[in-house]
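Undergrad: If you scroll down you'll find the structure; I have some questions about it.
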Amino acid sequence: MATRVPSWALLGESAPLPGFLHVESIAARAAERGWHIHTHQHPELAQFLVVSGGGGTARVAGADITFRAPYILRIAAGTVHGYAFLPDTAGHVVSIVEAVAQERGLLKPAGSGWGVAEAVVLGAAATIERLARVPGPEAVALVAACLRLLDAATDESAVRSAGRAGKEERLKALLAAQPVGPRTPAELADALAVTPGHLNRLVRQVTGMTTSQALNDARMRHAAAGLLHTTRTIAEIGQDAGFDDPAHFSRRFKAWCGAAPSEWRQGVRGKAR
Numbered sequence: 024m025a026t027r028v029p030s031w032a033l034l035g036e037s038a039p040l041p042g043f044l045h046v047e048s049i050a051a052r053a054a055e056r057g058w059h060i061h062t063h064q065h066p067e068l069a070q071f072l073v074v075s076g077g078g079g080t081a082r083v084a085g086a087d088i089t090f091r092a093p094y095i096l097r098i099a100a101g102t103v104h105g106y107a108f109l110p111d112t113a114g115h116v117v118s119i120v121e122a123v124a125q126e127r128g129l130l131k132p133a134g135s136g137w138g139v140a141e142a143v144v145l146g147a148a149a150t151i152e153r154l155a156r157v158p159g160p161e162a163v164a165l166v167a168a169c170l171r172l173l174d175a176a177t178d179e180s181a182v183r184s185a186g187r188a189g190k191e192e193r194l195k196a197l198l199a200a201q202p203v204g205p206r207t208p209a210e211l212a213d214a215l216a217v218t219p220g221h222l223n224r225l226v227r228q229v230t231g232m233t234t235s236q237a238l239n240d241a242r243m244r245h246a247a248a249g250l251l252h253t254t255r256t257i258a259e260i261g262q263d264a265g266f267d268d269p270a271h272f273s274r275r276f277k278a279w280c281g282a283a284p285s286e287w288r289q290g291v292r293g294k295a296r
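With this note's numbering as the guide, the letters of the sequence shown map in order to residues 24 to 296.
Below you can see the structure in the form of structure tokens.
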């Protein structure tokens, strides 16, 4: 007699997910279960397992996947899966209503697991932690950036692709996801598995900029969106963009667009009235 696979909203819960996104640590449910999660499925939820420390074995659709940090595993909605984690494995589980995310263009239909560059995983983990603290309406930009990064990290056609087209698409995805993920030219080269010289040529071809200029431009565009669409302070927006010093952020933003963040925010909002 076949064993019935449990179906949950979130693990062990039958109530629908409030909103369309949920974030929690791996330890939140795994530690109390002895780091073993029996096979189950989430009919409506896609999940990203973002492992920044430790590892274990995942059983996905009947196949065993052994993983070590840094690692990202994507589980499509309705896929039977379970885990045997090493004790004290660190990271997060991002659960998202798959149909809603796809309708909003935040997630492509797919499902795979990949060992990826450490900078990508740690960048995703940092953003995921911020998602848990930012008010709902103001988290939209972070959600979109985080999902673009996770989607790119688990996109079979892009990850470690030897073809130029694959690397160009991966580069575009990593720049679009800024400030999540690689923040320096060296980290970006590592994420794309190319040499610094190859990266410079690739970035110049795709963006017309140097690697440093392209990374800075992507971060400033993210900051500008925060200034325009949220009420967060300039210091908070600068920190999200990777600048711990508000004065440094203001100088870099002014060099980028010709106006300090406060002046730019006031000017753009004034024109919108």
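Built from N, CA and C at the ideal position, the CB exists for glycine as well. All of these numbers come straight from a predicted model, not from anything done at the bench.
Taking only three categories from DSSP, how would you classify residue 120?
TA: strand
Undergrad: Indicate the three-state DSSP secondary structure (helix, strand or coil) for residue 253 in the structure shown.
TA: coil
Undergrad: Mind listing, in chain order, the continuous beta strand (DSSP E) runs of no fewer than 3 residues lying wholly within the region 38-106?
TA: 44-48, 59-63, 68-76, 78-83, 86-91, 94-98
Undergrad: Would the region 226-235 and the region 257-274 be scored as touching if the rule is three or more Cβ pairs under 8 Å?
TA: no
Undergrad: When the Cα atoms are used, what is the spatial distance from residue 284 to residue 257?
TA: 7 Å
Undergrad: Could you work out which residue in 218, 100, 102, 80 is closest to residue 92 when comparing CA atoms only?
TA: For residue 92, the nearest C-alpha among the options comes from 80.
Undergrad: Per the DSSP calculation, residue 30 is bridged to which residue(s)?
TA: 64
Undergrad: Just to confirm, is the Cβ distance from residue 193 to residue 215 under 9 Å?
TA: Against a cut-off of 9 Å, the Cβ pair of residue 215 and residue 193 comes out as a contact.
Undergrad: Just grab the DSSP bridge partners of residue 115 for me.
TA: 48, 73
Undergrad: Just curious, the alpha helix (DSSP H) that residue 272 is in, first and last residue?
TA: 269-280
Undergrad: Using only the alpha-carbon positions, how far apart do residue 107 and residue 96 sit?
TA: 14 Å
Undergrad: Excluding the 5 residues preceding and the 5 following residue 102 in the sequence, name in chain order all residues of the same chain whose CB lies nearer than 7 Å to its CB.
TA: 64, 83, 84, 134
Undergrad: Evaluate residue 121 with the Cβ neighbour count: other Cβ atoms within 10 Å of its Cβ, from every protein chain shown; 16 or more gives buried, anything less gives exposed.
TA: buried
Undergrad: Where residue 72 and residue 62 are concerned, what is the direct C-alpha to C-alpha distance, given to the nearest angstrom?
TA: 15 Å
Undergrad: Taking only the alpha-carbon atoms, compute the straight-line gap between residue 75 and residue 249 and give it to the nearest angstrom.
TA: 27 Å
Undergrad: Please return the same chain residues whose Cβ sits closer than 6 Å to the Cβ of residue 223, not counting the five positions on each side in sequence.
TA: 234
Undergrad: On the DSSP bridge list, what partners appear for residue 108?
TA: Residue 108 is bridged to 79.
Undergrad: Do you know how far the Cα of residue 69 is from the Cα of residue 105?
TA: 14 Å
Undergrad: Cα-Cα, which of 118, 268, 54, 117 is closest to residue 109?
TA: With distances taken between Cα atoms, residue 109 lies closest to 54.
Undergrad: In whole angstroms, what is the alpha-carbon distance linking residue 236 and residue 218?
TA: 18 Å
Undergrad: For residue 100 and residue 67, which I take to be in contact (beta-carbon distance under 8 Å), what is that distance rounded to the nearest angstrom?
TA: 6 Å
Undergrad: Whole angstroms is fine: what's the gap from residue 266's alpha carbon to residue 77's?
TA: 29 Å
Undergrad: Could you check how far apart the C-beta atoms of residue 49 and residue 114 are, in whole angstroms? I think they sit under 8 Å.
TA: 5 Å
Undergrad: Please report the straight-line C-alpha distance between residue 33 and residue 117, rounded to a whole angstrom.
TA: 11 Å
Undergrad: Measuring alpha carbon to alpha carbon, tell me which residue in 245, 221, 51 is nearest residue 112.
TA: 51
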